[in-house]
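Asker: Dropping the structure in here first, questions after.
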Amino acid sequence: MNSDTILSINKLVAGYGETEILHKISISVNKNEIVSIIGPNGAGKSTILKAILGTLNIKSGEIFLKKTKINGVKPSDVVKKGVGYVPQTDNVFVSLSVHENLEMGAWTIENNLNDKFEELYNLFPDLKDKKKQLAGQLSGGQRQMLAMAKALILDAKVLLLDEPTAGLSPKYRLEIFDTIQRINKSGLPILMVEQNAKQALQISHRGYVLVDGSNRYTGTGAELSADPEVARMFLGSRG
Amino acid sequence: MEIFLGYFLYAMSLLTVGGIYALLALGLNVQWGFAGLFNAGVAGFAAIGAYTYALLTTAESQFHFGGLELPLVVGDILAMIFAGIVATIIGLICIRLRADYLAIATIGIAEIIKLILKNETNITNGPRGINKIPRTWEHFTEERFYTNFPMNLFSNQKGWEAFFASIPKWWWQPFFAITIILIVIITYFFLEKLRVSPWGRMMTAIRENEKAAAAAGKNVTKRRIEAFILGAVIMGLAGAFLGQHLRLIEPTQTFDPSKMTFLVWVMLIAGGSGNNKGAILGAFLIWFVWSSSELVTNGVIEILATMFDSIDISILKNRAGFIRMLFIGLLLQLILQRYPKGILPEKRPAISGKY
Amino acid sequence: MWESFWFEFINFYFIPGLVLGCIYALGAIGITLTFGILRFANFAHGEIMMTSSYLTWEFVLVASSFGLILHPIIGAIPASICAIFLALIVDRFFYKPFRNSPTIMIVIASFGMMLIIRSLVQVIWGPNQITFVKGIAKPNHFIKDFTSNFDMMLLIPNKHISILLGTIIIMLVFNYLLSSTKIGKGMRAVSDNPNLAEVSGINVENIVKATWVVGGFCAAAAGVFLALDTQFIESTMGFRMLLPMFAAAILGGIGRPFGAVAGGLIIGLAEELSAYPWLGNGPVISPGYKSGVAFSIMVLMLIFRPSGLFRGKVF
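Chains as they are written, first to last, in this note's numbering: chain A, -5 to 233; chain B, 38 to 392; chain C, 155 to 469.
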């Protein structure tokens, strides 16, 4: 294993209960990279993230965060070890204020976080004015920002994003992709699952195409965008 | 001989009450085991059945509505119909709710039924209850039956009186017990047929995966209401026979939720929810444990009393019933944690093919 | 002018309704928290209430045998600690084994706990009513005289003053806990979205324990206040409270503790005010059906607005 590899998944087999969804998936995320997983609905894209988090049953295969094996670890401990995760939906506590949401993201940290909060508010200026507002009153894009900010508090080693632009207007989509790039430039590797394949690949260093729970194509963002078969399958109608 | 007769009659009463509980458990099994509907108001449906039967079949009384003196079988049938009607109303309102909400709602309904029975004194005689409920078979020995059609065709009043004087007083007990057992058996075969029918297989499918079943075009809500009504109808019938067995019913003690609702749940879960045989087995088994534990606790208290003169056994005797209830509760927890499938686990009908 | 209408309405309907509402509110807090955080309807909650009032009575009795005359509220302090432990023990041995099972398993288990706890109380203290506080509660003189000066005489017995004040104090502490402490915010977060809480790194098991502590304490307070109000205790008092408490929790929106408080007050007032002769001379709803009021409100709520007044969870 390359010493630059932050997150690596080797021949992962996983699913819900009896049903097997992922068949021997291998994926890696290196230092400073944005990696996208694209593919049709039901290909098991989000399932990969859930498997990393430990919220579903892993049958075989391994997941490493740097040198530490993290399969079989409780979700709250996976988070503690440095995996930031932003679920696709219901990713903020709607009945808590914006600031309280950030505090919940920092649950495991005991020391004073005011500097960290300041830093995040600077990264997401939209949120700064809305500190005291309930997260449920935010717009879709702002919620997504808050969810990302919440995941960034813990000094994550890698950030997992589950369809960060799903259901957003084109304007917000651009803004979110922009933010993702900014977060990444600050030195955080990102693994994201995306429906808007074209745009996602544009900002990604590498991408994986997942079909029926198996790896189908792998390559750099540019290579995949240029691949006629991938384009025909996923890029045509969407993005 | 006297002793054997005593045992025989005890066995008959075990069969009678066990059979009534078996009916309640079968009704609950349709709701919970088949359809996954949590009914915490079994006592309420039994009460509807018992009161319907009692009010329609008793002789005229100055205390409550009545004097219709309908044939007993008609009383049984109307008890079922009435329980079914109430279940329909509840079903239309509450069935879409998640299981917990349904449980709360059904507990509430049982309480409301109790309130009505307590407060509508003109009809139900309120907390004092209804007495002299005619019991199937035994009712032949009542004057109003043997002096009327059809019994008066066979003999006159004198003749019947002489006949009943010539046979032992308990003659009706085995007949009553056998009648109830027969009803349990008929209900069992009916439910078994139903379970493997397209309707039953659909229920299993709905319970396994409501969304998928709904997506496959099944009218999930309608099917669940049907199951709820069918279960309530069976409970209503059980209630009618409970009323007959007790002959005196009143709203509070007779339909105490711990002895009606809770005990029936323990029976179904112990026997194996989803399995009709399990429901019947659980009912008889738990009823046997429940009634024999009375003998055991009484025995233990007697022994304690002879060992320690200072103990005031009247307090212990007074509280023995609660100790038994405590143990039944612990038994339920044990079964839930260790044997959640019960003694006879559910056997799934094949789901393949059309349903 | 303090007309006879207001005199009667405030003193004999509104204040008793408010007192009853406080008791329901305290009870409903525990119900809504367990419903929101553990996702199940805890049928044994009323029994914790009931047990606390028996324990309080016992503590007062034991103290009096040593020559100490305790006010029941002092006796309630050790009783509420016992209630908290009872809630934690029940969770550890009877609910925790089912955390990953379908929720209905815990509902059945709590249904069983309801019977177990009640039977235990009946075994220890017997099934009969016990007098909790003797005597007739007289209205507080000071308030009566003071308000008479303004021509609006208020007749509030001391027991009602203690219940109202006690509830206000508990609410203030509870509000502080939920809005300003880490564990309280965590409770709101788990109640809001348990899956997200878990992937945010919140230690859900600790939150669950905190929930039982808070819920158990509020239940104990509700139980003792109820006993203070009715002046007797009996083993079915918890079960009688169960339905109005559920109604309050559903009315306020599941998982919304302040909603449960509002719901409790509304249900309590509705029950008492339903006996007021709004139309004609007789009570609107015959007193025998008073306990049906809560149920009717609950059913209407479930039909027309299952998320409650304050947009709680619908499962």
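For each residue, glycine too, the CB sits at the ideal point set by N, CA and C.
(1) Have a look at Met341 (chain C) and Leu90 (chain A) and give me their C-alpha separation to the nearest angstrom.
(2) Taking Gly153 (chain C) as the query, report the chain B residues whose CB atoms sit under 8 Å from its CB, ordered along the chain.
(3) What do you get for Trp207 (chain B), buried or exposed, if any count of 16 or more other CB atoms within 10 angstroms of its CB means buried?
(4) Rounded to a whole number of angstroms, what is the C-alpha to C-alpha distance between Leu381 (chain B) and Gly309 (chain B)?
(5) Please list the partners that Thr212 (chain A) has in chain C, where partner means a Cβ-to-Cβ separation under 7 Å.
(6) Quick one: list the residues of chain B neighbouring Ser428 (chain C), beta-carbon separation under 9 Å, in chain order.
(7) Quick one: is Leu454 (chain C) near chain A, going by C-beta distance under 9 Å?
(8) Going along chain B in order, which residues have a C-beta closer than 8 Å to the C-beta of Ile457 (chain C)?
(9) Using 8 Å as the threshold, is the stretch 75 to 84 of chain B in touch with the stretch 281 to 297 of chain B, meaning 3 or more CB pairs across them?
(10) Are any of the Cβ atoms in chain C nearer than 9 Å to that of Arg261 (chain B)?
(11) Scan the stretch 59 to 89 of chain A for residues whose Cβ lies nearer than 7 Å to a Cβ of chain D and list them as they occur along the chain.
(12) Is Ser198 (chain A) near Val29 (chain A), with beta carbons less than 9 Å apart?
(13) Quick one: is His295 (chain C) buried, meaning 16 or more other Cβ sit within 10 Å of its Cβ, or exposed?
(14) Would you mind giving the Cβ-Cβ distance between Val80 (chain A) and Ala141 (chain A), rounded to the nearest angstrom? I have them listed as a contact below 8 Å.
(15) Using a Cβ cut-off of 7 Å, which residues of the stretch 92 to 125 of chain A contact any Cβ in chain C, in chain order?
(16) Between Thr212 (chain A) and the rest of its own chain, which residues show a CB-CB distance below 6 Å, the 5 nearest in sequence each way excluded?
(17) Less than 9 Å between CB atoms is the rule here; does Lys339 (chain C) satisfy it with respect to chain A?
(18) Residues of chain C with CB under 7 Å from Ala140 (chain B), in chain order?
(19) Excluding sequence positions up to five away, which residues of its chain have a Cβ less than 8 Å from the Cβ of Glu106 (chain B)?
(20) Output, in chain order, the set of chain C residues within a Cβ distance shorter than 8 Å of Ile155 (chain B).
(21) Three-state secondary structure (DSSP) at His176 (chain B)?
(22) The alpha helix (DSSP H) spanning Phe325 (chain B) covers which residue range?
(23) Rounded to whole angstroms, what's the CA-CA distance from Met240 (chain B) to Ser20 (chain A)? Just pull it up for me.
(24) Between which residues of its own chain and Ala277 (chain B) is the CB-CB distance below 8 Å, once the five residues before and five after are set aside?
(25) For a test of the three-state rule: what should DSSP assign to Arg272 (chain C), helix, strand or coil?
(26) Could you tell me whether any Cβ in chain C is nearer than 9 Å to the Cβ of Thr41 (chain A)?
(27) Chain C partners of Asp137 (chain B), CB-CB under 8 Å?
(28) When DSSP labels each residue in this structure, what does Gly406 (chain C) get in the three-state scheme?
(29) Excluding the five sequence neighbours on either side, which residues of its own chain have a C-beta within less than 7 Å of the C-beta of Lys378 (chain B), listed in chain order?
(30) Do the stretch 65 to 80 of chain B and the stretch 137 to 148 of chain B make contact, defined as three or more Cβ pairs closer than 8 Å?
(31) Give the secondary structure of Cys131 (chain B) by DSSP, where H, G and I count as helix, E and B as strand, and everything else as coil.
(32) Suppose the cutoff is 7 Å on Cβ atoms and the five residues either side in sequence are ignored; what does the same chain contact list for Glu56 (chain A) look like?
(33) Suppose you measure from the CA of Ala145 (chain A) to the CA of Lys124 (chain A); what does that come to, to the nearest Å?
(34) Please decide whether Lys53 (chain A) counts as near chain C, where near means a Cβ-Cβ distance under 9 Å.
(35) If distances are taken between C-alpha atoms only, which option among A:Gly36, A:Ser2 and A:Val205 comes closest to Ser22 (chain A)?
(36) Using a Cβ-Cβ cut-off of less than 9 Å, list which residues of the stretch 267 to 293 of chain C approach chain B; keep chain order.
Answerer: Inspection of the coordinates gives the following:
(1) 11 Å
(2) No statement about residue 153 (chain C) is possible, as the shown extent of chain C runs from 155 to 469 and does not include it.
(3) exposed
(4) 5 Å
(5) Simply none; closest approach about 27 Å.
(6) Within chain B, no residue comes near Ser428 (chain C); the closest Cβ sits about 13 Å away, beyond 9 Å.
(7) no
(8) Ile130
(9) yes
(10) no
(11) The chain labelled as chain D is not found among the protein chains of the depicted structure, namely A, B and C.
(12) yes
(13) exposed
(14) 5 Å
(15) Glu94, Glu97, Met98, Gly99, Trp101 and Thr102
(16) Tyr202
(17) yes
(18) Ala195 and Val261
(19) Thr94, Thr95, Ala96, Glu97 and Arg181
(20) The sequence as given places Lys at residue 155 (chain B); Ile does not occur at that position. Going along chain C in sequence order, the residues near Lys155 (chain B) (Cβ under 8 Å) are Gly442.
(21) helix
(22) Asn313 to Met344
(23) 41 Å
(24) Gly86, Ala87, Thr89, Tyr90, Gly112, Asp113, Ala116 and Met117
(25) helix
(26) no
(27) Phe189, Phe194, Ala195, Thr257, Ile258, Val261 and Phe469
(28) helix
(29) Gly309
(30) yes
(31) helix
(32) Asn4, Lys63 and Asn65
(33) 18 Å
(34) no
(35) A:Ser2
(36) Met267, Met268, Leu269, Ile270, Ile271, Arg272, Ser273, Leu274, Val275, Gln276, Val277, Ile278, Gly280 and Pro281
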